[in-house]
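Colleague: Dropping a structure here in structure tokens format, bear with me for questions.
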Amino acid sequence: MSEHDSEFDTDAELIRKNLEVVAPRAGDLTSHFYALLFLREPALRDLFPPAMDTQRDRLVQALVRIVGDLENAGELSGYLGRLGRDHRKYDVLTEHYALVGECLIAALARYSGDAWNRATADAWGRAYTNAARIMSGAAEFDATVNPPHWMAEIVAHERPADDIAVVTVRPEHPFPYRAGQYTTVETPWWPRVWRPYSIANAPGDHGLLTFHVRAVPAGWVSNALVHKAHPGDRIKLGPAQGEMVLDHFAPHPVLCVGGGTGIAPLKAIIEEIAYVGSQRVVDFFYGASTHSGLYGLDELLRLSQRMSWFKVRPAVDDMTLAGISGAVAEVLSEYGPRYDCDAYLSGPPEMVRDSARVLRRLGLPSSHIHHDPVAAGFGQPGFGPPGAADADDLTFAGH
Ligand SMILES: Cc1cc2nc3c(=O)[nH]c(=O)nc-3n(C[C@H](O)[C@H](O)[C@H](O)COP(=O)(O)OP(=O)(O)OC[C@H]3O[C@@H](n4cnc5c(N)ncnc54)[C@H](O)[C@@H]3O)c2cc1C
Numbered sequence: 026m027s028e029h030d031s032e033f034d035t036d037a038e039l040i041r042k043n044l045e046v047v048a049p050r051a052g053d054l055t056s057h058f059y060a061l062l063f064l065r066e067p068a069l070r071d072l073f074p075p076a077m078d079t080q081r082d083r084l085v086q087a088l089v090r091i092v093g094d095l096e097n098a099g100e101l102s103g104y105l106g107r108l109g110r111d112h113r114k115y116d117v118l119t120e121h122y123a124l125v126g127e128c129l130i131a132a133l134a135r136y137s138g139d140a141w142n143r144a145t146a147d148a149w150g151r152a153y154t155n156a157a158r159i160m161s162g163a164a165e166f167d168a169t170v171n172p173p174h175w176m177a178e179i180v181a182h183e184r185p186a187d188d189i190a191v192v193t194v195r196p197e198h199p200f201p202y203r204a205g206q207y208t209t210v211e212t213p214w215w216p217r218v219w220r221p222y223s224i225a226n227a228p229g230d231h232g233l234l235t236f237h238v239r240a241v242p243a244g245w246v247s248n249a250l251v252h253k254a255h256p257g258d259r260i261k262l263g264p265a266q267g268e269m270v271l272d273h274f275a276p277h278p279v280l281c282v283g284g285g286t287g288i289a290p291l292k293a294i295i296e297e298i299a300y301v302g303s304q305r306v307v308d309f310f311y312g313a314s315t316h317s318g319l320y321g322l323d324e325l326l327r328l329s330q331r332m333s334w335f336k337v338r339p340a341v342d343d344m345t346l347a348g349i350s351g352a353v354a355e356v357l358s359e360y361g362p363r364y365d366c367d368a369y370l371s372g373p374p375e376m377v378r379d380s381a382r383v384l385r386r387l388g389l390p391s392s393h394i395h396h397d398p399v400a401a402g403f404g405q406p407g408f409g410p411p412g413a414a415d416a417d418d419l420t421f422a423g424h
């Protein structure tokens, strides 16, 4: 890229071109960025967990996200605001933002070689300064109403299956959220390692939150929550996140498609419909590869016996004693066209993706299909401890 080529480019174009140049060396760039950051401010090391290497490409992915949205100011500012609020749990301070920007631009310059020029440096400077202003502004406002994180005591720990725990916690301060949202959790066994978990109950006067956690092989936080946690242990919670919430003014029936611990936020949504008393018709397709994977099915069936507007349809990949045979997305397609419902999908990424595809094919507009982010993709806006995930952090394995 020469000075001449870039003379008339917008900031977004300049940054996009620059990202194409550095993308093949994203890992090196990220390492260099953190090396510079820790050299300039050694105390920042304390914010980061040890397993940084697994998160190497997140920095550049996050930048792509920010730049990709540069022309879409509304969405970008919502995203950055949520990140700024979420970063409070890492003890990120306003003064850290400027330092991060300097190290980021220095790392980009180093890995751009001859393609680096004044116009590109200025474009990055403006984009980053704007992003940092939105993040720190949102964090400062949030500090006037919320703590940086919520301490919560485990008050119940049940094991409906060998690899699953239902963990109920009592936050020390009121925890604002909506049914269908998730929060991030840090356990005492893995300090500074945060993972997202959906909240399985609607907000209630008791102030309790329940999580359904499946231990994944070699997983840090999930194994701690399933195998180590006991009543009396204390965990930390980040702010509630996620857009998978009900619009109570929508007249449509509700379609839930869930699998594994993905049934957790759907249970919360059903509870909220029951509280509100709207009697909206709810069809719940619960998929698993085998019948034994349908944990919690009995409770859902009991609910459906009590509430005439709620139907559960278990679907299993193999032949089964109860329910319908076939992957849940295939089963959905057999139920025919759907034009008018609000669909909430939660579970393993492939199940969510397949179900969304089937529903679109059956005529349901994308705006009626709600789910948390599922594809591998972008992460944080350049800093914040690796291992963390947030509303727009798509680098995860799902439920
Ligand atoms: C919005 C959102 C909501 C979520 N809600 C829930 C929830 O309610 N309940 C729940 O149990 N989980 C949920 N998850 C997944 C959860 O955040 C963690 O990713 C999961 O618990 C693994 O974390 P870990 O620290 O144990 O594993 P890590 O230490 O992150 O991973 C260890 C190894 O396990 C692999 N791995 C990670 N996740 C899986 C997986 N699901 N299956 C197989 N291998 C995996 C990794 O690739 C890695 O090799 C949710 C994720 C998102 C993004």
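Residue numbers for the sequence shown follow the numbering used here, so the first one is 26 and each next one is one higher. Using N, Cα and C, we set each Cβ at its ideal position, and we do this for glycine too.
By the DSSP assignment, the beta strand (DSSP E) with R338 in it spans what residues?
Modeller: It spans F335 to V341 - the beta strand (DSSP E) in which R338 sits, taken as one unbroken run.
Colleague: Grouping DSSP H, G and I as helix and E and B as strand, with all else coil, what is T169?
Modeller: If DSSP states are grouped into helix, strand and coil, T169 belongs with coil.
Colleague: Closest by CA to Y222, which one among A340, Q206 and A87?
Modeller: When each option's Cα is compared against that of Y222, the closest is Q206.
Colleague: Just curious, the alpha helix (DSSP H) that L357 is in, first and last residue?
Modeller: Here the alpha helix (DSSP H) through L357 covers V353 to E359.
Colleague: Which residues mark the beginning and the end of the beta strand (DSSP E) in which K261 is found?
Modeller: Note, K261: beta strand (DSSP E), R259 to L262.
Colleague: Under 8 Å, do G372 and G267 count as touching if we go by C-beta distance?
Modeller: No.
Colleague: Could you name the residues of the same chain whose beta carbon sits closer than 7 Å to that of A249, not counting the 5 residues immediately before and after it, in chain order?
Modeller: If we look at A249 and ignore the five residues flanking it on each side, its Cβ neighbours are T212, W214 and W215.
Colleague: Pick out whichever of D94, E45 and L64 has its Cα sitting closest to the Cα of L133.
Modeller: When each option's Cα is compared against that of L133, the closest is E45.
Colleague: Is any heavy atom in ligand 1 found nearer than 7 Å to the beta carbon of A289?
Modeller: A289 Cβ: within cutoff of ligand 1.
Colleague: Can W245 be considered in contact with ligand 1, in the sense that its beta carbon sits closer than 7 Å to one or more heavy atoms?
Modeller: Correct: W245 has its Cβ closer than 7 Å to ligand 1.
Colleague: Among V210, L271 and Y300, which has the Cα closest to the Cα of R259?
Modeller: Closest option to R259, Cα to Cα, is V210.
Colleague: What separation, rounded to the nearest whole angstrom, lies between the Cα atoms of T286 and P173?
Modeller: Those two C-alpha atoms are separated by around 27 Å.
Colleague: Taking 7 Å as the cut-off, is the C-beta of D111 nearer than that to any heavy atom in ligand 1?
Modeller: Flag unset: Cβ of D111 not near ligand 1.
Colleague: Given a cut-off of 8 Å on the beta-carbon distance, is the pair E297 and A368 in contact?
Modeller: Not in contact: E297 and A368 (Cβ atoms no closer than 8 Å).
Colleague: On a CA-only basis, which of P199, L69 and I394 is nearest D365? Give me that one, please.
Modeller: Considering only alpha carbons, the answer is I394.
Colleague: Work out the CA separation of R327 and A289 for me, nearest whole Å.
Modeller: So the alpha carbons of these two residues sit roughly 16 Å apart.
Colleague: What beta strand (DSSP E) runs, 3 residues minimum, are completely inside the segment 193-245?
Modeller: Entirely contained in the segment 193-245, the beta strand (DSSP E) runs reaching 3 residues are, in chain order, 207-211, 219-223 and 234-239.
Colleague: Within 7 Å: the Cβ of H396 and any heavy atom of ligand 1?
Modeller: Every heavy atom of ligand 1 is 7 Å or more from the Cβ of H396, so no.
Colleague: Is L118 helix, strand or coil by DSSP?
Modeller: Note: L118 maps to coil in three-state DSSP.
Colleague: Cβ of R386 versus every heavy atom of ligand 1: is any distance shorter than 7 Å?
Modeller: Outside the cutoff, so no.
Colleague: Among H237, V170 and A131, which one has its Cα closest to the Cα of E183?
Modeller: Here the closest residue by C-alpha is H237.
Colleague: Who does G283 pair with in a DSSP beta bridge?
Modeller: G283 pairs with Y311 and S371.
Colleague: Per DSSP, S175 forms a beta bridge with which residues?
Modeller: Here residue 175 is Trp; the residue named in the question, Ser, does not match the sequence. According to DSSP, which records beta bridges pairwise, W175 is partnered with L262.
Colleague: Quick check on H424: buried or exposed, where buried means 16 or more other Cβ atoms within 10 Å of its Cβ?
Modeller: That one is buried.
Colleague: Just the Cα atoms here: how many angstroms apart are G232 and P264?
Modeller: Each residue's alpha carbon lies about 15 Å from the other.
Colleague: Return helix, strand or coil for Y254, following the three-state DSSP convention.
Modeller: The question names Tyr, yet the displayed sequence has Ala at residue 254. Note: A254 maps to coil in three-state DSSP.
Colleague: Anyone know if the C-beta pair for I189 and L105 falls short of 8 Å?
Modeller: No. Outside cutoff.
Colleague: Please report the straight-line C-alpha distance between V47 and T35, rounded to a whole angstrom.
Modeller: About 19 Å.
Colleague: Taking Cβ positions, are V279 and H316 nearer each other than 8 Å?
Modeller: Not closer than 8 Å, so no.
Colleague: Rounded to whole angstroms, what's the CA-CA distance from A381 to R305? Just pull it up for me.
Modeller: So the two alpha carbons sit approximately 21 Å from each other.
Colleague: Going by C-alpha to C-alpha distance, which of A157, A146 and D139 sits closest to R107?
Modeller: Considering only alpha carbons, the answer is A157.
Colleague: For G109, tell me which candidate among L72, Y59, Y122 and P67 has the shortest Cα-Cα distance.
Modeller: For G109, the nearest C-alpha among the options comes from Y122.
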